[in-house]
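As they're listed, the protein sequences go chains A and B.
All letters in the first sequence, in the order written, are residues 29 to 237 by my numbering.
All letters in the second sequence, in the order written, are residues 29 to 237 by my numbering.
Here's the structure we're looking at; comments come further down.
There are 2 protein chains.
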Amino acid sequence: MMKQFQKTKKYYLGVLMSIDKKFIAEVFQNLDLQPNEVERIAATFELLDLKKGTILLHENEVVHDQYYVRSGCLRTYFNDVSGKEHTIQFAIKDWWISDYTAFFSTSKALLQIECIQDAQVYKISRKEMEVLYAEIPSLETFFRKKMEKGFAAFQKRILSNLSQPAKDRYYSFIKTYPNIEQSVKNYHIASYLGITTESLSRIRKEITS
Amino acid sequence: MMKQFQKTKKYYLGVLMSIDKKFIAEVFQNLDLQPNEVERIAATFELLDLKKGTILLHENEVVHDQYYVRSGCLRTYFNDVSGKEHTIQFAIKDWWISDYTAFFSTSKALLQIECIQDAQVYKISRKEMEVLYAEIPSLETFFRKKMEKGFAAFQKRILSNLSQPAKDRYYSFIKTYPNIEQSVKNYHIASYLGITTESLSRIRKEITS
DNA sequence: AAGCTTTCTTATCATAGATCAATTTTTTCT
DNA sequence: AGAAAAAATTGATCTATGATAAGAAAGCTT
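Dropping the structure here:
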C-alpha cells in the first residue's frame with residue numbers, strides 16, 4: 029500500500045519551527061514548562077497528516093515512535109491466527125497511541141496502528157524522548173503517570189471482560205467513551221469488546237426496544 | 029479475622045538496621061546503587077512475615093503500599109457482584125504486588141491482596157518511595173520499567189482472553205509461569221484464566237489422556 | 001440519481017464454557 | 001492414624017455468544 033501521509037517540514041535548533049509551540053505547551057499543560065523547554069520538545073515532534081485507512085505501523089515493524097493525536101481518530105489492533113481483529117486502543121484528540129509493548133523495548137510490533145478518521149498527529153521517537161528525560165525530568169514523570177493510567181485502564185478491561193456480559197461491557201464503553209463511540213464504526217467497537225458484529229447488533233437492538 | 033502477621037522491628041537513621049542490606053541491593057540489582065543509597069532505601073522497607081490466608085489488603089481500604097516478595101506466594105483478586113473471584117496477579121519470590129490502580133492514586137482498593145503460601149515480604153510506602161525518587165532518580169526509572177513490563181503483560185492477557193480458548197490459555201499459563209503453577213491451587217489458576225474450576229478440571233483431564 | 005461498496009441487521013443453528021449437583025481425592029488438624 | 005475440611009473431579013443440562021448465510025440500509029462515487 030502507498031503511504032498516504034506526508035511529513036511536514038521540520039527545522040532543528042529552534043531557529044525556525046513549523047510546529048505550533050503553543051500547542052506543544054498544551055500537550056504537557058500541567059507541567060508548567062519553560063519556553064526554552066517547550067522549544068526543545070517541539071524540535072523533536074514531527075507533525076503528520078493522515079488519511080483514513082492509513083496503516084501507520086505494520087505488524088513486525090520495529091516500533092520507534094509513539095503518536096500524540098491532535099485531531100481525528102486512530103486505533104491499535106491485533107490480527108489473531110484465525111484472522112480476527114482485536115482492537116486494543118482507540119485514540120482521539122489529546123490521546124497518545126502506539127504499540128507500547130513493543131515501543132518500550134524498541135522491538136517488533138504485534139499490533140497495527142490504523143487511522144480510522146482523517147487525523148493530524150505528532151510523531152515522537154522514543155530515543156529522542158529519552159534524551160529529553162535527562163534534560164527535563166518532569167517529562168519522565170509525565171509519561172510515568174500516563175503509563176499508570178494506561179495500566180489501570182487495562183486492568184479494568186481485564187476485569188470487565190472476566191466479570192461482565194457483553195451487554196454490560198457495551199454500556200460501559202459508550203458511557204466511558206462517548207466521544208470515541210461517535211468516531212468509530214460498530215465493528216470497531218465489537219472488536220474492542222471482544223464480540224462479533226452480529227452480537228453487538230443484537231445487543232443494540234435490545235437496547236432500542 | 030485476626031491479623032496473622034507481625035511486624036519486625038525497624039530502626040531509622042541507618043544506625044541499626046534489621047533488614048539485610050545485601051538483600052535490598054539485590055532487589056535493585058541492575059541499578060548499581062551506592063552503599064549509602066542502599067541504606068537510605070533499606071530504612072523505608074519494612075519486613076513482614078505472613079501466614080497463608082492473611083488478607084494484606086481489603087477492598088475499599090486506601091492503598092498506601094506495595095510489597096516485594098522475598099519468599100512465599102501472594103495474589104491480588106477482585107470480588108465481582110455475583111460473588112465470583114477474579115485473580116489479577118500472582119507474586120512469588122522477586123515479584124512486586126499491590127492493587128496498583130489504587131496505589132498510583134492513593135485511592136481505595138478494588139482488589140484484595142491475599143497470602144496463599146506463607147510469605148516474607150517487604151512493605152514499601154508510595155509516599156516514602158516518591159521522596160526517594162527525588163534523591164535517587166534511577167529508582168524512578170526502575171519502577172517505570174517495572175510498570176512497562178506490567179503494562180505489556182496486561183495487554184498480552186487481554187489479547188489472549190479475546191483470541192484464545194481456555195485450553196490454550198491454560199497451556200500458556202503453565203508454560204510461562206511454571207513456578208507459580210506449583211505454588212497455587214487449581215481454583216486460583218481457574219480464576220486467573222477466567223473459567224470455572226470445573227472447566228479447568230475438564231481441560232486437565234483432556235491433557236492427561 | 002444510479003450503482004457500488006461498506007456497514008449493519010436478522011435468522012438459524014452450533015458450541016465453549018457455565019451451572020448445578022454429587023462424589024472422590026487430597027490436605028490439614030487433633 | 002482418623003476425622004474434618006478443602007480441593008478436585010465427573011455428569012447432566014443450560015446459556016451466551018459464535019458461525020454461517022442472507023438481506024437491508026447507509027455512504028460514496030461518477
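All residues carry an ideal CB built from backbone N, CA and C; glycine is no exception.
Excluding residues up to 5 positions away in sequence, V91, Q94 and R154 lie with their Cβ nearer than 7 Å to the Cβ of F131 of chain B in the same chain.
Listed in chain order, the positions of the region 113–130 of chain B with a beta carbon within less than 7 Å of a beta carbon of chain A are H114, I116, Y128 and T129. Close CB contacts of L138 of chain A within its chain, under the 8 Å cut and outside five residues either way in sequence, are with E87, F106, D127, T129 and A130 (chain order).
Here K121 of chain A is not bridged, per DSSP, to any residue. For the 8 Å CB-CB criterion, K49 of chain A and A71 of chain A do not form a contact. Listed along chain B, no residue sits closer than 9 Å to F56 of chain A by beta-carbon distance, the nearest being about 17 Å off. If you draw a 10 Å sphere on the C-beta of V66 of chain B, you find 16 or more other C-beta atoms in it, and that means buried.
About 17 Å separates the beta carbons of I141 of chain A and F73 of chain A, which is beyond the 8 Å limit, so they are not a contact pair. Between A194 of chain A and I223 of chain A, the beta carbon gap of about 5 Å places them in contact (Cβ cut-off 8 Å). Proximity of I186 of chain B to chain A, defined by a Cβ-Cβ separation below 8 Å, is satisfied. By the neighbour-count definition (other C-beta atoms within 10 Å, threshold 16), R197 of chain B is a buried residue.
The Cβ atoms of R185 of chain B and I125 of chain A do not sit closer than 8 Å to each other. For E176 of chain A, the neighbours in chain B by C-beta distance under 7 Å run, in chain order, F132 and M175. With a 10 Å radius around the Cβ and a threshold of 16 neighbouring Cβ atoms, Q117 of chain A comes out buried. In this model, I120 of chain B and D146 of chain B are separated by some 11 Å (Cα to Cα). Contact annotation, S200 of chain B with S188 of chain B: C-beta distance approximately 6 Å; criterion of less than 8 Å satisfied. Annotation: Cβ neighbours of S191 of chain A in chain B (cutoff 8 Å, chain order): F106, D108, V109, S110, K112 and H114. DSSP places L59 of chain A in no alpha helix (DSSP H); its state is neither H nor E.
Spanning the alpha carbons of K80 of chain A and E209 of chain A requires a straight line of approximately 17 Å.
Taking 8 Å as the threshold, the shortest C-beta distance from A180 of chain B to chain A falls below it.
When the alpha-carbon of H216 of chain A is set against those of A:R172, A:A180 and A:C143, the nearest one is in A:C143.
Residue pairing by DSSP places D93 of chain B opposite B:S153 in a beta bridge.
Not flagged as an interface residue toward chain B: Q145 of chain A, since no C-beta distance is shorter than 8 Å.
Under the three-state reduction of DSSP output, N64 of chain A falls in the helix class. Under the Cβ distance rule, Q148 of chain A does not count among the residues neighbouring chain B, no pair being separated by less than 8 Å. Listed as beta-bridge partners of S99 of chain B by DSSP are B:Q148. Residue burial is scored here from C-beta neighbours: Q57 of chain A has fewer than 16 other C-beta atoms within 10 angstroms and is therefore classed as exposed. In this structure, E168 of chain B lies away from E158 of chain A, with their beta-carbon atoms at least 8 Å apart. When DSSP states are grouped into helix, strand and coil, I223 of chain A belongs to the coil group. Within chain B, no residue has its CB atom less than 7 Å from the CB of R197 of chain A, the nearest being about 12 Å off. Contact between F182 of chain B and Q192 of chain A fails: their C-beta atoms lie close to 17 Å from each other, not under 8 Å.
For L190 of chain A, no beta strand (DSSP E) run applies; the uninterrupted alpha helix (DSSP H) run containing it begins and ends at P165 to S191, by DSSP. S227 of chain A and K112 of chain A have their alpha carbons spaced roughly 15 Å apart. Taking 8 Å as the threshold, the shortest C-beta distance from Q94 of chain A to chain B does not fall below it.
One thing to note: L75 of chain B has its Cβ within 8 Å of the Cβ of Y150 of chain B. The three-state reading of DSSP puts T129 of chain B in helix, counting H, G and I together.
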